[in-house]
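With positions in the sequence shown counted from 1, the corresponding number in our numbering is that position plus 6.
Yeah, the Cβ is synthetic: ideal placement off N, Cα and C, and Gly gets one too.
Quick notes on the structure that follows.
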Amino acid sequence: MFEAHRIDTTDKAAFYRELAAQLEALLTGESDPIANAANTSALLYQMMPELNWAGFYLMREGELVLGPFQGKPACVRIPVGKGVCGTAMARRASVLVEDVHAFPGHIACDSASRSELVVPLIGRDGAIGVIDLDSPTVARFDAADQAGIERIAAIYLSACGESAGLAKAS
Ligand code: SME
7 MFEAHRIDTT
17 DKAAFYRELA
27 AQLEALLTGE
37 SDPIANAANT
47 SALLYQMMPE
57 LNWAGFYLMR
67 EGELVLGPFQ
77 GKPACVRIPV
87 GKGVCGTAMA
97 RRASVLVEDV
107 HAFPGHIACD
117 SASRSELVVP
127 LIGRDGAIGV
137 IDLDSPTVAR
147 FDAADQAGIE
157 RIAAIYLSAC
167 GESAGLAKAS
């Protein structure tokens, strides 16, 4: 049985290398996108300090719909282009928000959230959804976190057979 173990968070590069290794171990041999999103959310929420929400929004009929997550109950549907999640999906690029109060159109699901990092999931046939992380601390996330979570997104996509150029695991 996989067991997450606590890792040093003072060196972010080392932290994300270790987190990536733990996620690879956790997802090995499983390609179900919901099961893998559930376990990815749980690992991120358990291992990353200063988070109040970690989870997935998944593309369903042209809009983002709440997927597996850890944290308080959240808004269910987010149109592409709206909020931080919808902006990341529309741009097909990560969005790092140091202070959500200064982000026009931010969707407040939990009033405790003060900073946010959203990384898009782009599969073989296009946009699949996003990974969303919220923190109660202003400027909790920086470029090192963005790079680290983009690596986490790539591991998730690969486990689900969604890496660009790879045939889908059946
Ligand atoms: N704040 C997000 C909405 C999702 S919650 O943070 C879980 C947004 O503006 O897209």
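_Can you determine whether any heavy atom of ligand 1 sits closer than 7 Å to the C-beta of S47, and answer yes or no?_
Here residue 47 corresponds to residue number 41 of the sequence shown, with the count starting at 1. Outside the cutoff, so no.
*asked:* Only counting the same chain, and skipping five residues up and downstream in sequence, which positions put a Cβ closer than 8 Å to that of T34?
replied: Taking the first residue of the sequence shown as 1, we reach residue 34 at position 28. The beta carbon of T34 lies closer than 8 Å to those of A165 in the same chain, with the five residues before and after it left out.
*Under 7 Å Cβ to Cβ from R157, same chain only, skipping five residues before and after it: list those, please.*
Stepping through the sequence shown from its first residue, residue 157 is reached at position 151. Counting only Cβ-Cβ distances below 7 Å, and skipping sequence neighbours, we find Y22 and A26.
_A119: CB within 7 Å of a non-hydrogen atom of ligand 1_ = Numbered from 1 along the sequence shown, position 113 holds the residue referred to as residue 119. Inspection of the sequence shows that residue 119 is occupied by Ser rather than by Ala. Result yes, Cβ under 7 Å from ligand 1.
*Report, in whole angstroms, the separation of the C-beta atoms of H112 and V136, which I expect to be a contact under 8 Å.*
The count along the sequence shown starts at 1 and reaches residue 112 at position 106. The count along the sequence shown starts at 1 and reaches residue 136 at position 130. Not really, about 14 Å apart at Cβ, beyond 8 Å.
*Per DSSP, what kind of secondary structure is G35 in: helix, strand or coil?*
Position 29 of the sequence shown, counted from the first residue, corresponds to residue 35. Here G35 sits in coil by DSSP.
_Let's test the definition: count the other Cβ atoms within 10 Å of the Cβ of Q52 and tell me whether it reaches 16, buried, or not, exposed._
To locate residue 52, count along the sequence shown from 1; it is residue 46. Q52 comes out exposed.
*Please determine, among Q28, L70, A145 and F62, the residue with the shortest C-alpha to C-alpha distance to A108.*
Locating residue 108 in the sequence shown gives position 102, where the first residue counts as 1. Relative to A108, the option among Q28, L70, A145 and F62 whose CA is nearest is A145.
*When burial is assigned at 16 or more other CB atoms within 10 Å of the CB, is T16 buried or exposed?*
Mapped onto the sequence shown, residue 16 falls at position 10. Around the beta carbon of T16, fewer than 16 other beta carbons lie within 10 angstroms, which makes this residue exposed.
*Is DSSP giving V106 helix, strand or coil here?*
Here residue 106 corresponds to residue number 100 of the sequence shown, with the count starting at 1. Residue state for V106 is assigned as helix, using DSSP reduced to three classes.
*Helix, strand or coil for I40 per DSSP?*
Translated into the one-based positions of the sequence shown, residue 40 becomes position 34. Collapsing the DSSP output to three states places I40 in a helix.
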